[in-house]
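*Asks:*
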C-alpha cells in the first residue's frame, strides 16, 4: 500500500502582494463624449483675449488654414502589404500638401512631389513605411538632417529638411 504525503505549504508570501484598489464611481469612464475642436485665430491666441474657437469643426468638415483652400485629408485607406502609404494623385497629404506625382520608392518608403499651399512651392516628401523599425530609423534620420541644417547655413551641401510630421502612422519628411 502506497502512502501519499502532502506537505502543508505556507501562502504567507502570496498574501503580501499589493492588491489593486477597487475603482470608485467617479473613476469609471462615462459614455463616449465628443470633444469640441476648433481652429483658433493666431491673433486671438497670441493676445490671450479669446480662447473660444473661431469655428467649430463638424465630423466631415475639412480644415481651413490661413485662408487657404478648404481641403481635408482623403478617406482612411489601409496600407499595402509592405506598409507603404496608399495614395492617389491629386489627393491631399494633410491640408497643406497636395500630391502631384511619385518621384521614387525605396526600402524605407516612397518619395512624393507635393505642392505646399503655405509656401506656394513644390517640395519632396519622404513617406516612411508604417513599420516600427523604419519609423525609428526615420526619427534618427530627422535628427541628423536637423543637425546638418543647423551647421550648413547656406544649404548648399545636402538635402535641407523643411518640416516633418506623423500622418496616419507614417513619418513624413519634407525637403526641397
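In UniProt numbering, the protein residues as written are 1 to 176. Even for Gly, the Cβ is constructed at its ideal location relative to N, Cα and C. Quantities reported herein were computed from a predicted structural model and do not represent experimental measurements.
#1: Output yes or no for whether 8 angstroms exceeds the beta carbon distance between residue 138 and residue 171.
#2: Who are the Cβ neighbours of residue 160 in its own chain at under 7 angstroms, not counting the five residues just before and after it?
#3: Does the separation of the CB atoms of residue 120 and residue 84 fall below 8 angstroms?
#4: Please report the straight-line C-alpha distance between residue 145 and residue 78, rounded to a whole angstrom.
#5: List the whole-angstrom C-beta distance separating residue 93 from residue 102, where the pair is believed to meet the contact cut-off of C-beta under 8 angstroms.
#6: Under 8 angstroms by Cβ, that's how I've got residue 90 and residue 98 pegged, so tell me the actual separation to the nearest angstrom.
#7: Quick one: using the 10 Å Cβ neighbour count with 16 as the cut-off for buried, is residue 114 buried or exposed?
#8: Looking at the structure shown, is residue 135 part of a helix, part of a strand, or coil, going by DSSP?
*Replies:* Reading it off the structure:
#1: yes
#2: 149, 175, 176
#3: no
#4: 29 angstroms
#5: Wrong, their Cβ atoms sit about 12 angstroms apart, outside the cutoff.
#6: 7 angstroms
#7: buried
#8: helix
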